[in-house]
Amino acid sequence: MILAFSGHRFLIEDALRREVQKQGLNHREVTRLSAEEISLETVLPHLQSSLFGVSGVILDFEGLKNPKDVIEVCGKSDAVVAIIDPAAPAGRIKSYEKLGQHFPLPSPTKTGDIAGWVMARAKHHKLSLDKDAAFWLAEVFQSDLASIESELYKLTLIAEGKVDVALVRKTVNLNPPGDSFQMLGAATAGNTREALSQLDRLMGSGEDPFKLLGAVVWQYSLVARCVALRQENPGIQENEAAQKLGTKPFPTRKALEVARKLNEARIRVHLERILEADFAMKSGLDAVSTLERLMVQLSLQ
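Convert by adding 853 to the 1-based position in the sequence shown; the result is the number in the working numbering.
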């Protein structure tokens, strides 16, 4: 019996444990062969029937180019063969589906998707995690799910009741790499220091200043549209706003947070300052200094 897993490595290991256990085996006691160790000669002994119950083996195909013969032999066996194949090509996936079961476990990449996974894992750990705390963890660790799992485990040992973002920040003791929406939010709230701090983090993480200004232009256009929506309906929420604007809920939520600090007059002034910064950078002025000046201007007006 083939149980094949592709996608994100952490998700694969987590699912493999569960599925192997369903077959009556302890994954810690099952022999695991790496790509360098796998051949017909090394795999066959693990496919033989056992007097002590179900036999099995875990095969790690990562980096293995052509395991076709091994797959075919495993597919004819009654042993439980768990195959780890993170980047499985379409042809191998078809073989897995034909000879057994395939579990696709793609990596969440968008912050909102990662935050959703964090909430699900927190529920699994019986941890009452606040939504904002889940988003903060997603922003800090991004697709490093193993590190997020480690932090959730730490929180289960110390948390009592609801786990908010303040406790998570204190426990993790790391800063996210920088968030352009948070930078704009801080600037529009008059928090110049935080806006410049976010800008510094973004620059420190290798962000290209011209691409960052492009992101600011797009984000502020979304903020402006959210300001217009809030004039019609001050209590509008992210899902309704996203539907009206034809945008994703996560950036819409971020834009609404910024829009709550603005009105039509202020958004017009801010858009003028952004256009001036765009012209200055394209005219050859220092890009980082121009962005710093822009954040100061947005926070003071």
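Ideal Cβ placement from N, Cα and C applies to all residues, glycine included.
- Beta-bridge partners of residue 913 (DSSP): 937.
- Within the same chain, Cβ atoms closer than 8 angstroms to the Cβ of residue 926 are found at 893, 896, 897, 900, the five residues on either side in sequence being excluded.
- Residue 911 is classed as buried because its beta carbon has at least 16 other beta carbons within 10 Å across all chains shown.
- Taking the Cβ atoms as the reference, residue 1015 lies roughly 5 angstroms from residue 981, within the contact range of under 8 angstroms.
- 936 is the residue among 945, 936, 1060 whose C-alpha sits nearest the C-alpha of residue 880.
- Taking the Cβ atoms as the reference, residue 984 lies roughly 7 angstroms from residue 972, within the contact range of under 8 angstroms.
- Proximity of the segment 1131-1138 to the segment 1033-1053 falls short of the contact definition, fewer than three beta-carbon pairs being nearer than 8 angstroms.
- Judged by DSSP in its simplified three-state form, residue 880 adopts helix.
- A Cβ-Cβ contact shorter than 8 angstroms links residue 1144 with residue 1062.
- Take the alpha-carbon of residue 889 and the one of residue 1126: they are about 59 angstroms apart.
- In this model, residue 885 and residue 891 are separated by some 10 angstroms (Cα to Cα).
- With fewer than 16 other Cβ atoms inside 10 Å of its own Cβ, residue 1088 counts as exposed.
- Close CB contacts of residue 987 within its chain, under the 6 angstroms cut and outside five residues either way in sequence, are with 968, 971, 972 (chain order).
- Cβ neighbours of residue 1101 within its own chain (closer than 7 angstroms, five residues either side excluded): 1095.
- The alpha-carbon of residue 995 is positioned some 16 angstroms away from that of residue 1060.
- Annotated three-state conformation of residue 955 is strand, per DSSP.
- Of all alpha-carbon atoms in 859, 957, 965, the one lying nearest the alpha-carbon of residue 1091 is that of 965.
- Counted as a single uninterrupted DSSP element, the beta strand (DSSP E) harbouring residue 856 occupies residues 855-860.
- DSSP lists 911 as the beta-bridge partner residues of residue 885.
- In the same chain as residue 1111, and ignoring 5 residues on each side of it, the C-beta atoms closer than 6 angstroms to its own belong to 1037, 1038, 1041, 1076, in chain order.
- A Cβ-Cβ contact shorter than 8 angstroms links residue 958 with residue 860.
- Sixteen is the threshold: when 16 or more other Cβ atoms of the shown chains lie within 10 Å of the Cβ of residue 913, as they do, the residue is buried.
- When secondary structure is reduced to three states using DSSP, residue 1075 falls in the helix class.
- By the neighbour-count definition (other C-beta atoms within 10 Å, threshold 16), residue 1141 is an exposed residue.
- Of all alpha-carbon atoms in 930, 1072, 875, the one lying nearest the alpha-carbon of residue 1105 is that of 1072.
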